[in-house]
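Protein chains in written order, with the working numbering: chain X, 969 to 1416; chain R, 969 to 1416.
The structure is reproduced here in structure tokens:
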């Protein structure tokens, strides 16, 4: 059968077998699950929350269609009364969450779902699938933004993103984290993100003469031509651009930029800049691409390479040095009682929690508290009521407002988190109330 | 706007700006593009081709809908005559490709598209997006299969896959490479893959008594219950399973298996196996999961851990040690003339090519030749005619037949490719004819 990404069947089989067991046992008390990251990947000093809007969309639309129920029935795994109970299943619960673009740290819940157990359990797989991935990408893209804060960064990663949704959502997450746009047309249209495009080497190769390729392209894109100049000899191509410019100018056509995609980008950019400037083309911008990530951006910035914009693809879209997070969606409360998993090396903090952030001079982040939700602390509470009884508490946040929020968050990072290298961890403290509860659970609530 | 993964707009903007330039210049001669991998990632000794069926589906369905053309028109980037030309655009070309499941090496074309230039160019982004990702996953999954060839491996990766399509296609690619199934319900239904499921820690935590949780679950899933036993104390839980079994047996219910998800899996499995066996439950299987990949599988196999099945998730689905390939879709022929890109460090072999594979004793792979398509060699040609004039040459290959092919390919791997470690590279030779053509192009066809 053909499935949409919105399908309620995009879940792990075990969610449904557990639902059936709850159905059979008549269990459906209120459950709270929290999504959090257990530990930072080696090469990250912070995470940036993303994907909440997609999670809320999913929860709002959650339902089993007649076709899906019929497909489930045909598997022979599920009895009819249980399948009938799914027919009317909707998400009727509450969501408390960090705003997209918020910087966060290990053990801090970023999304809490509170709902009747069956609803809260069913949504585990897809909520993680959405929020984990966008958080992975936003966290990587934010590092690129920190490495080249004043440059235009453009997502170039559709071709090596992990499928269609990864391409669309990574474009979104990167834009939120501070990228200036994407090359992926569909992402631009879906999320109202600026779209950038140049040309491929194949375009130049299709002509037997590189200068002819440039001219034809500029005439076809008179407002916006960025010419790829590294197919054969980068500096020779830059001189062809200089020779071509006056011809085009007569027809009112200005070349917008050139792109370099191979070799020593800083050295080529310097030479090309000189050729362009000496040819009177100081307004022509230089766009660079090719295996870029935050480390290469940092080196190019330190080199003062005269590059105006960067196409950042594969390594950002796949977060290639940390393509996943050690995250979990854990039951913290059921039927009014706090719960705690104690598996070796995977114990989790029990109960519904809050996160408070303290600020220092210049509004810089100074430390976080993880507390019980009922405790009060000084500082800014990071989890906000987002959905109540299955309805959003406010209109969806615009991507632009999340992007502004992310920018303010990056500005408030302490220096140790702003660097790309491993540095002092950010101070996150766990309240005495929470520690005490965990201890009491370990002593008193052990199952028998 | 809402976009389906099939949308023709799921492409890079530059594909459309190039198409417009070709339209303006009246250029639409026959072009051949080849998709290949430039170099193996450090931790790979071979690649396994995958994703061809999705590529062919995409090509068969390719068209711009009225809504999409209207969205394009609203961007103000494209003149009406060009947009009208897109209205009737269909893929009318040829595809030659390696069968899915074929083992391949750098510089070997795995898919060749031959079509009027505009069609062949437009499809670049999505073809790469599909074939690259599935190839990445199949290549990683194949290593897991090599590490534990006689075990049931189940894809557990939906939650940390990069979005919905990544979850579905990684389940497919892993199954093709030799996994036995997936936990992702939607993938099972979409691709007819066996689906496996157990239970989550939250299920155990929702009960105040672990044994009650086990009993309720087994009664709800009488044919198929696999109980998760590491929420609190793994061995204590195994003893609860032993105590529970006779009660359930009275009602005709047999426990199918137990799952261990944390700690020293080999040591826990040994202790649990002993507890189960001594309790008369030698038929109960042990399922292990938790951050598994080919290296951990190899160690567990070397340890002779009594584990019957493995849930392999995140690291496989994201191919975490090599989440992308250095692959390219390059123009190799236009209007009957071979083409070659010469960018620094990124030069490519010109012209339409063939790959021939030689076999040694026991049918083992003995070396490949990359030749001009018109050359003939001994050995098995790896590229097959797959589509002609936009129509498939045969009915879609079943996933099962591709899986069988993949299995035969893995069996024929030389020892150096079968190991997980870096070893002698597989011999791939380039024919004199191809070398000579490249040399002539470099000397004679330099653009001016």
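All C-beta atoms, glycine included, are put in the ideal place defined by N, C-alpha and C.
Just so you know, these numbers come straight off a predicted model, no measurement behind them.
| Query | Result |
| --- | --- |
| Under the three-state DSSP convention, the category residue 1112 of chain R falls into | helix |
| Supposed close pair residue 1198 of chain X, residue 1311 of chain R - CB separation, criterion 8 Å | 5 Å |
| Candidates X:1106, X:1323, X:1341: closest to residue 1374 of chain X by CA position | X:1106 |
| Proximal residues of chain R, C-beta to C-beta of residue 1148 of chain X below 8 Å | None at all; the shortest Cβ gap to chain R is about 14 Å. |
| Distance, residue 1275 of chain R Cα to residue 1155 of chain X Cα | 44 Å |
| Any C-beta of chain R under 8 Å from that of residue 1203 of chain X | no |
| Span separating the alpha-carbon of residue 1398 of chain X from that of residue 1336 of chain X | 9 Å |
| Inter-residue CB distance, residue 1095 of chain X and residue 1017 of chain X (contact presumed, cutoff 8 Å) | With 8 Å as the limit, residue 1095 of chain X and residue 1017 of chain X do not qualify as a contact, their Cβ atoms being about 13 Å apart. |
| Which listed residue (X:1389, X:1184, X:1357, X:1317) has its alpha carbon closest to that of residue 1402 of chain X | X:1317 |
| Status (buried if at least 16 other CB within 10 Å, exposed otherwise) for residue 1308 of chain R | buried |
| Reduced DSSP secondary structure (H/G/I, E/B, other) of residue 1397 of chain R | strand |
| Where residue 1229 of chain X meets chain R, residues with beta-carbon distance less than 9 Å | 1311, 1314 |
| Close beta carbons around residue 976 of chain R, own chain, < 7 Å, minus the five adjacent residues each side | 1030, 1031, 1032, 1036 |
| Which listed residue (R:1192, R:1028, R:1196, R:1165) has its alpha carbon closest to that of residue 1180 of chain R | R:1196 |
| Residue 1257 of chain X in three-state terms, based on DSSP | strand |
| Own chain residues within Cβ distance below 6 Å of residue 1216 of chain X, not counting five before or after | 1186 |
| Inter-residue spacing [alpha-carbon to alpha-carbon] between residue 1000 of chain R and residue 1089 of chain R | 9 Å |
| Separation of residue 1283 of chain X from residue 1087 of chain R, as counted between CA atoms | 28 Å |
| Bridge partner(s) assigned by DSSP for residue 955 of chain X | Any answer about residue 955 of chain X is impossible in this case: the structure gives chain X only from 969 up to 1416. |
| Cβ-based neighbour list, residue 1298 of chain X, same chain, cut-off 7 Å, excluding 5 preceding and 5 following | 1001, 1002, 1309, 1316 |
| C-beta neighbour in chain R for residue 1038 of chain X, strict 8 Å | no |
| Beta carbon proximity, residue 995 of chain R to chain X, threshold 8 Å | yes |
| Residue environment, residue 1138 of chain X, which counts as buried when at least 16 other CB atoms sit within 10 Å | buried |
| Beta-carbon separation (whole angstroms), residue 1020 of chain R vs residue 1068 of chain R, contact threshold 8 Å | 5 Å |
| Any C-beta of chain X under 8 Å from that of residue 919 of chain R | Nothing in the structure corresponds to residue 919 of chain R, since chain R is present only between 969 and 1416. |
| Touch test, the stretch 1324-1336 of chain X against the stretch 1036-1056 of chain X, Cβ-Cβ under 8 Å, three pairs minimum | no |
| Beta-carbon separation (whole angstroms), residue 1355 of chain R vs residue 1024 of chain R, contact threshold 8 Å | 6 Å |
| Whole-number beta carbon distance between residue 1140 of chain R and residue 1378 of chain R, since they are thought to touch under 8 Å | Contact flag wrong, Cβ pair sits at about 17 Å. |
| According to DSSP, residues forming a beta bridge with residue 1213 of chain X | Looking at the DSSP assignment, residue 1213 of chain X forms no beta bridge with any residue, so it has no partner. |
| One or two residues paired with residue 1302 of chain X in a DSSP bridge | X:999, X:1305 |
| Proximity test, Cβ basis, 8 Å: residue 1416 of chain X and chain R | Confidence is the limiting factor: at residue 1416 of chain X the pLDDT is only 30, short of 50, which leaves the residue's position unreliable and the question unanswerable from this model. |
| Chain X contact for residue 1291 of chain R (CB, 8 Å cutoff) | yes |
| Segment contact, 8 Å Cβ cut-off, at least three pairs: the stretch 1141-1150 of chain R with the stretch 1115-1131 of chain R | yes |
| Contact list for residue 1198 of chain R against chain A, beta-carbon separation under 7 Å | Here chain A cannot be found, since the structure's protein chains are X and R. |
| Cα-Cα separation between residue 996 of chain X and residue 1359 of chain X, rounded to whole angstroms | 20 Å |
| Residue interval of the beta strand (DSSP E) (run including residue 1084 of chain R) | 1079-1084 |
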